[in-house]
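Residue numbers (the numbering used here), protein chains in the order written: chain A, 156 to 507; chain B, 156 to 507. Glycine is no exception: its CB is placed at the ideal position from the N, C-alpha and C atoms.
Number of protein chains: 2
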Amino acid sequence: MDRSIERALGVQRVLEPAGVLPQAAIRLDADPSVGPDEVRIAVERLNLDAASFRQLSEACGGDGDAVRAAVLEIIEARGKMQNPVTGSGGMLIGVVDAVGPESPLGLVPGQRVATLVSLSLTPLRITDGLARWNGRSEQVPATGSAILFGRSIAAVLPDDLPDMVSLALLDVCGAPAATARVVERSGARSVTVLGAAGKSGSLSLAAARAAGATALTGVVRTAAEAAALTAAGLADRVVVADATDPLAVAAAVGQPGDVTVVCVDAQGAEHGAVLATAEGGTVVFFSMATSFSAAALGAEGMAADVTMLIGNGYTPGHAAMALELYRRNQGVRALIDPRVRPTGPHDPRVHA
Amino acid sequence: MDRSIERALGVQRVLEPAGVLPQAAIRLDADPSVGPDEVRIAVERLNLDAASFRQLSEACGGDGDAVRAAVLEIIEARGKMQNPVTGSGGMLIGVVDAVGPESPLGLVPGQRVATLVSLSLTPLRITDGLARWNGRSEQVPATGSAILFGRSIAAVLPDDLPDMVSLALLDVCGAPAATARVVERSGARSVTVLGAAGKSGSLSLAAARAAGATALTGVVRTAAEAAALTAAGLADRVVVADATDPLAVAAAVGQPGDVTVVCVDAQGAEHGAVLATAEGGTVVFFSMATSFSAAALGAEGMAADVTMLIGNGYTPGHAAMALELYRRNQGVRALIDPRVRPTGPHDPRVHA
Numbered sequence: 156m157d158r159s160i161e162r163a164l165g166v167q168r169v170l171e172p173a174g175v176l177p178q179a180a181i182r183l184d185a186d187p188s189v190g191p192d193e194v195r196i197a198v199e200r201l202n203l204d205a206a207s208f209r210q211l212s213e214a215c216g217g218d219g220d221a222v223r224a225a226v227l228e229i230i231e232a233r234g235k236m237q238n239p240v241t242g243s244g245g246m247l248i249g250v251v252d253a254v255g256p257e258s259p260l261g262l263v264p265g266q267r268v269a270t271l272v273s274l275s276l277t278p279l280r281i282t283d284g285l286a287r288w289n290g291r292s293e294q295v296p297a298t299g300s301a302i303l304f305g306r307s308i309a310a311v312l313p314d315d316l317p318d319m320v321s322l323a324l325l326d327v328c329g330a331p332a333a334t335a336r337v338v339e340r341s342g343a344r345s346v347t348v349l350g351a352a353g354k355s356g357s358l359s360l361a362a363a364r365a366a367g368a369t370a371l372t373g374v375v376r377t378a379a380e381a382a383a384l385t386a387a388g389l390a391d392r393v394v395v396a397d398a399t400d401p402l403a404v405a406a407a408v409g410q411p412g413d414v415t416v417v418c419v420d421a422q423g424a425e426h427g428a429v430l431a432t433a434e435g436g437t438v439v440f441f442s443m444a445t446s447f448s449a450a451a452l453g454a455e456g457m458a459a460d461v462t463m464l465i466g467n468g469y470t471p472g473h474a475a476m477a478l479e480l481y482r483r484n485q486g487v488r489a490l491i492d493p494r495v496r497p498t499g500p501h502d503p504r505v506h507a
Numbered sequence: 156m157d158r159s160i161e162r163a164l165g166v167q168r169v170l171e172p173a174g175v176l177p178q179a180a181i182r183l184d185a186d187p188s189v190g191p192d193e194v195r196i197a198v199e200r201l202n203l204d205a206a207s208f209r210q211l212s213e214a215c216g217g218d219g220d221a222v223r224a225a226v227l228e229i230i231e232a233r234g235k236m237q238n239p240v241t242g243s244g245g246m247l248i249g250v251v252d253a254v255g256p257e258s259p260l261g262l263v264p265g266q267r268v269a270t271l272v273s274l275s276l277t278p279l280r281i282t283d284g285l286a287r288w289n290g291r292s293e294q295v296p297a298t299g300s301a302i303l304f305g306r307s308i309a310a311v312l313p314d315d316l317p318d319m320v321s322l323a324l325l326d327v328c329g330a331p332a333a334t335a336r337v338v339e340r341s342g343a344r345s346v347t348v349l350g351a352a353g354k355s356g357s358l359s360l361a362a363a364r365a366a367g368a369t370a371l372t373g374v375v376r377t378a379a380e381a382a383a384l385t386a387a388g389l390a391d392r393v394v395v396a397d398a399t400d401p402l403a404v405a406a407a408v409g410q411p412g413d414v415t416v417v418c419v420d421a422q423g424a425e426h427g428a429v430l431a432t433a434e435g436g437t438v439v440f441f442s443m444a445t446s447f448s449a450a451a452l453g454a455e456g457m458a459a460d461v462t463m464l465i466g467n468g469y470t471p472g473h474a475a476m477a478l479e480l481y482r483r484n485q486g487v488r489a490l491i492d493p494r495v496r497p498t499g500p501h502d503p504r505v506h507a
């Protein structure tokens, strides 16, 4: 493999162990000096992966100060924000600060961007001790620097949407894009989404509809979520079940569907998803809490002839698709807006 | 969900926690009394999952007595052989001992069978303390009882093959069946197999060829494996690389292929597999050492537009296909036979 590809993947930033890619590294070099094909971002805000934030909160007993200390310690020790338990990271927004002369990303200093590669492989240095964060939300106001590689992806933040909305959409934009692709390629008509009232869930429902699905079932956890999803009109049928209780999911869904999309961030949703899927159907796992062995052995153990996909966070065009689904779809907006504090790019709360 | 389906999935055997399926259970009831749709097997031999055996061996520093004690402790504590670290189990062979009046499996007392559902969900009781096992091989001579559910799968052992060969083939029969299906459905021509000289790897190469692939690359770890695979004639090209070194894999494979099948049982093969796969291609993960987050976030981090499949151990017809590939293909036999001690059903070594 030639050296320029290694550099594009960020191998020069790996301190330990040698030979792995940044995502698998224990420790990265977060030095803010940019290499010839690198880009530096002045960080404004981190958006922690939901599964990661949940794990940290639970481990710290909900103590926000302890969560903040734990996140700082991870970033300092690893040179990146990768939760050692979940393996996941999140994403960030910031301003392009320096662009190496050979960077292929087409970014220009001063542009406000969101990174679309995981924090779990992004060299990151924090300089404000996360002093503006109370440790109680996935959204982390932060000052510092992050590095993008030649093969990284960043989206310029759109002018027409508040930052927090763009960040929320871009964070999960892999899910609707992959859902649309699976529905289009398989010709699926019935699609079930577990965790349907959340960000990735609501976008996946809208994407499935746009791709031609005609029988959409949304599975949610609570009556309040059911009411919100019903009002949003994104699903043809809304049912309430604990996604981690496979028999409850199967009972609530009834007739299994062609495609099941798993958007819950809790462990243990694999078996319910398999039971909710018809023979010959497909399960798309987007939750970072998914267990490979639970899915593989569970399906085998139930003699379930289903195709199971590891949700790839990257599909060409994914960012634009998520933003468009939000702009065009009032139901998506109705579900996502309450989950973010809508603040414009110049709203003082963003930089407070 | 009606009660008969719950029973068919073995829910009545779950002691802890309530509401999960047997694979996700911490503890199963391994009572040898059979329920109306259950089948009891008199156990002769366990075949531990490769990733599980490797983890236990490493944790015990290669001390066979310690490995045996650890396996016994797991089975006693959990009522099943499920490695708590890898989540995986293995399979077993034995003789049908009791058949409940409502069992749909069509088994008859006295038949010698292999279970095709994972040990990680099979109620298991061991009565000989694994006294005949030295803890140094995945193949565990054992006496005891195991329970199959209504929706379990078991294959009657064929008369024409030694037990150890059948067990070895049936253990990995999901891999060639899924590989064949992916090649057929996608029309893939170039297929790369990581871990190509092993059981699942050699069968997957043969299955890909039979399904129409015309450019097969086998990636192996050592020169000795390369020589064996070359002699077997299953691949058009054999290259040597450490599958856990992504840059080495990419360099060895060169031009990325349409489909990559991961059959290595070591951690860290996700990124090499993604780099070895062309844009728009498919990676099929069969290794139980696969990390969901490493695959999902790694592909995203490399902006790799690849479809990633969780290898489902069940595909209709998988057992018969694996046995047929072995019978018809001298290259497969040449690679698999040295990995098993060929012993006939009545060979004293089996029951020694």
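Check, Outcome
"8 Å Cβ cut-off: residues of chain A touching E455(B)", "L271, V272, S273, G329, N467, G468 and Y469"
"Rounded C-alpha distance that separates A405(A) from S357(A)", "21 Å"
"Same chain only: Cβ atoms within 8 Å of A214(B), ignoring 5 sequence neighbours per side", "A225 and V240"
"Inter-residue Cα distance where the pair is V337(A) and V337(B)", "15 Å"
"S446(B) - partner residues in DSSP beta bridges", "DSSP output for S446(B) lists no bridge partner at all."
"contact_flag[the region 368 to 381 of chain B, the region 340 to 358 of chain B] where n(CB pairs < 8 Å) is 3 or more", "yes"
"Inter-stretch contact (C-beta, 8 Å, three-pair minimum) for the region 437 to 444 of chain B and the region 325 to 345 of chain B", "yes"
"Alpha carbon of L203(A) to alpha carbon of P191(A), nearest angstrom", "29 Å"
"Whole-Å CB distance - L325(B) paired with A343(B), under 8 Å assumed", "With a Cβ gap of about 26 Å, L325(B) and A343(B) do not count as contacting."
"Three-state class that DSSP yields for R336(B) in the structure shown", "helix"
"Residues of the region 168 to 193 of chain B whose Cβ lies closer than 8 Å to any Cβ of chain A, in chain order", "G174, V175, L176, P177, Q178 and A179"
"F304(B) in three-state terms, based on DSSP", "coil"
"Touch test, the region 417 to 432 of chain A against the region 265 to 277 of chain B, Cβ-Cβ under 8 Å, three pairs minimum", "no"
"Residue interval of the beta strand (DSSP E) (run including A197(B))", "V194 to L203"
"Distance, V295(A) Cα to Y469(B) Cα", "43 Å"
"G435(B) to R168(B) span [Cα, whole Å]", "43 Å"
"Helix, strand or coil at P500(A) [DSSP, three-state]", "In this prediction, P500(A) scores a pLDDT of 39, lower than 50, which makes its location untrustworthy; the coordinate-derived value is nonetheless stated afterwards. Here P500(A) sits in coil by DSSP."
"Residue interval of the alpha helix (DSSP H) (run including I229(B))", "G219 to R233"
"Cβ of I308(B) within 8 Å of any chain A Cβ", "yes"
"P264(B) versus L322(B), Q410(B), P493(B) and I196(B), residue with shortest Cα-Cα distance", "I196(B)"
"6 Å CB neighbourhood of G165(A) in its chain, flanking five on each side removed", "P177 and F304"
"Residues near G486(A) by beta carbon distance below 6 Å, same chain, minus five either side", "A387, G388 and L389"
"Start and end residues, beta strand (DSSP E) containing I248(A)", "G245 to V254"
"Closest residue to D314(B) among G299(B), V268(B) and E257(B) (Cα-Cα distance)", "V268(B)"
"DSSP-derived helix/strand/coil call for P187(B)", "coil"
"Min CB distance E161(A) to chain C below 8 Å", "No chain C is part of this structure, whose protein chains are labelled A and B."
"Selection from R392(A), A403(A), T399(A) and V175(A) that minimises the alpha carbon distance to I160(B)", "A403(A)"
"Cβ shell of A221(B) (< 6 Å), same chain only, five flanking positions each side left out", "C215"
"CB contact flag (L170(A), D186(A), <8 Å)", "no"
"Continuous alpha helix (DSSP H) stretch holding A379(B): start and end", "A378 to A387"
"Element boundaries [beta strand (DSSP E), containing R280(A)]", "L279 to I281"
"Where the alpha helix (DSSP H) containing R267(B) begins and where it ends", "Where R267(B) is concerned, there is no enclosing alpha helix (DSSP H), although the beta strand (DSSP E) it sits in stretches over R267 to T270."
"Own chain residues within Cβ distance below 7 Å of A431(B), not counting five before or after", "T347, V404, A405, V408, P411, G412 and T415"
"Supposed close pair L322(B), R223(B) - CB separation, criterion 8 Å", "Incorrect: roughly 19 Å between the Cβ atoms, too far for contact."
"Spatial distance of G456(A) from V272(B) (CA atoms)", "5 Å"
"Cross-chain neighbours of M443(B) in chain A, by beta carbon under 9 Å", "F447, S448, A451 and L452"
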